[in-house]
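Engineer:
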Amino acid sequence: MVQKHMPSPVGHALAGVAAAWTADLMPGRRVWRTADPRASFVRRAGGTLTLACAALGALPDLDLALSRHRAVTHSIGAVILVSIIASVVTGWVNRKVQSSKFKVQGSVVRITLMCAAAYGSHLLLDWLAVDMTKPYGLRMLWPFSDRWYISGLDWFPPTERREFFSLAAFRINLFAMVYETAVLLPVLGVLWLVRVKALTGFLAEAAGRDHPSQ
Ligand SMILES: [Zn+2]
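Numbering follows my numbering, in which position 119 of the sequence shown is assigned residue number 124; successive positions increment by one, without gaps.
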């Protein structure tokens, strides 16, 4: 059995959300992302955008289906491509919203940064993880460099994705997922608290400025 480096999709999704929420802390136009404290958990957590960032965190490993794992999808080139797509999609959604009754537009810069951070977090986690197969690490700087990079810090345990349904793989992957959750959940908890506190403040700020529509 070959133990691959790289955290599980669970770890990558959690890190994707953490990275996106960190990017979202930057100051700027904020009213559009406020949610009422009585709104659903998903909506207060950022709704579709947060879910998209969780998916973006895990997305680079889709190349497992190809033979060239940890190459092009695990690179700064892919982060740039994701940023371009995110900005185009956000611009398109904003134009749609403009012609609807909601008129709440997201900031293109903010959403692009959040998506890039979520995708980029995958590279960071893989760089920090254990790698037992050559070439070690990932081609992080492609297309600017073909070098493979690995931190050697081994912060995250390996996972097994080839003989996925074997008992040994189940044990390895379960341990990895529990470990990743134990490391990343407290980070997300802190970010959640900062985010909720900040967004509640913005909501009060917005309510003071104009009356909510409902
Ligand atoms: Zn990966």
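A virtual CB, placed ideally from N, CA and C, is assigned to each residue, including glycine.
1) With which residues is Ala134 paired in a DSSP beta bridge?
2) Would you mind reading off the limits of the alpha helix (DSSP H) that contains Thr39?
3) Per the contact definition of three or more C-beta pairs closer than 8 Å, is the stretch 19-34 in contact with the stretch 85-100?
4) Should Pro163 be counted as a contact of ligand 3 given a C-beta to heavy atom distance under 8 Å?
5) Where does Gly194 land, buried or exposed, given buried means 16+ other C-beta within 10 angstroms?
6) Using a Cβ-Cβ cut-off of 7 Å (strictly less than) and excluding sequence neighbours within five positions of Gly142, which residues of its own chain qualify?
7) Inspect the beta-carbon positions of Leu129 and Ala60 and report whether they are closer than 9 Å.
8) Quick check: what's the CA-CA separation for Ala50 versus Pro65?
9) When you measure from the CB of Leu71 to every non-hydrogen atom of ligand 1, does any distance come out below 8 Å?
10) How big is the Cα-Cα spacing for Ala134 and Val84?
11) Find the nearest neighbour of Thr78 within the set Val192, Ser126, Ala203, judged by alpha-carbon distance.
12) With Pro140 as the anchor, note down where its alpha helix (DSSP H) starts and where it stops.
13) Exposed or buried, Leu71, counting other C-beta atoms within 10 Å across all chains shown (16 or more means buried)?
14) Within the continuous alpha helix (DSSP H) that includes Arg100, where are the two ends?
15) Can you give the Cα-Cα distance for Met6 and Leu146, rounded to whole angstroms?
Structural biologist: Taking the structure as given:
1) Phe161
2) DSSP places Thr39 outside any alpha helix (DSSP H), giving it a letter other than H or E.
3) no
4) Ligand 3 is absent from the structure shown, which contains only ligand 1.
5) exposed
6) Trp132, Asp136, Trp153, Tyr154, Ile155
7) no
8) If you take the alpha carbons of Ala50 and Pro65, they lie about 23 Å apart.
9) no
10) 19 Å
11) It is Ser126 whose Cα lies nearest to the Cα of Thr78.
12) Looking at the DSSP string, Pro140 is not in any alpha helix (DSSP H), and its letter there is neither H nor E.
13) exposed
14) 81-103
15) No answer about Met6 holds up, because its pLDDT of 43 lies below 50 and its placement is not dependable.
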